[in-house]
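Visitor: Residues 692 to 829 (my numbering) make up the sequence shown, in order.
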Amino acid sequence: MPRVSLCPLPLPSTAVTCVDHIGRLLLRAGRRHNPPLETGLGDDGLARVVHPSATLRTLLDLGITQIRQYCRGEMAVSLRLLRALERVATVVRDRADLERIALHARLITEAVSAQFPPEDCEELTARRDAVSRLVARA
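Structure (structure tokens):
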């Protein structure tokens, strides 16, 4: 019996293309500095709060979670997600962001490993381990 894809996108190649674009955006976000929330008084004496743009953690969750959840049966998509996380981990210095990257890498690996025999998961595990090494070095 053929394996049924759990990925809602028409083709795994479509999901891979999406992951590549998301990965590039996350890489750019990982290179930027997340400024702290700024407070102060305006010229009129009223309190002002400047809210910075979305944090890397938020962008990681938005960019990775649903693809990870819905394409967990697609090895090619999962490998590409791990490659994107590895690339982002090379530029991130914030410990909390690195831990979030490691969490996503672990969740991807666990979900996919449940779908495939161990022999098919060697590259998956190697990519997760590469992410873990980058997180540990920081």
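Each residue gets a CB set at the ideal place from its N, CA and C atoms; glycine is no exception.
What's the call for residue 741, buried or exposed, on a 16-neighbour Cβ count within 10 Å?
Guide: Under this definition residue 741 is an exposed residue.
Visitor: What separation, rounded to the nearest whole angstrom, lies between the Cα atoms of residue 827 and residue 733?
Guide: Residue 827 and residue 733: Cα-Cα distance of roughly 43 Å.
Visitor: Here's the rule I'm using: 16 or more other beta-carbon atoms within 10 Å means buried, otherwise exposed. How should residue 716 be labelled?
Guide: Residue 716 is exposed by the Cβ-count criterion.
Visitor: Compare the C-alpha of residue 757 against each of 769, 777, 812 and name the closest.
Guide: It is 769.
Visitor: If you count every other CB in all the chains shown that lies within 10 Å of the CB of residue 800, and 16 or more means buried, which is it?
Guide: Buried is the call here.
Visitor: Do you know how far the Cα of residue 745 is from the Cα of residue 735?
Guide: The straight-line gap from Cα to Cα measures roughly 28 Å.
Visitor: Would you report the Cα separation of residue 730 and residue 737, rounded to the nearest angstrom?
Guide: Taking the straight line from one Cα to the other gives about 11 Å.
Visitor: Using only the alpha-carbon positions, how far apart do residue 638 and residue 782 sit?
Guide: Residue 638 is absent from the structure shown; the chain starts at 692 and stops at 829.
Visitor: Out of 766, 722, 784, point me to the one whose CA is closest to residue 704's CA.
Guide: That would be 766, whose Cα lies nearest to the Cα of residue 704.
Visitor: What is the rounded straight-line gap between the Cα of residue 723 and the Cα of residue 796?
Guide: For residue 723 and residue 796, the distance between alpha carbons rounds to 21 Å.
Visitor: Compute the Euclidean distance between the alpha carbons of residue 763 and residue 739, then round it to the nearest angstrom.
Guide: Going from the Cα of residue 763 to the Cα of residue 739 covers about 44 Å.
Visitor: Could you check the C-alpha separation between residue 714 and residue 789 for me, to the nearest Å?
Guide: Each residue's alpha carbon lies about 15 Å from the other.
Visitor: To which residues of the same chain is residue 813 closer than 8 Å at the C-beta, ignoring the five residues directly before and after it?
Guide: So no residue of the chain qualifies.
Visitor: So, at 6 Å on beta carbons, what are the nonlocal neighbours of residue 861 in its own chain, with the 5 sequence-adjacent residues on each side left out?
Guide: Any property of residue 861 remains undetermined from this structure, which presents the chain solely from 692 to 829.
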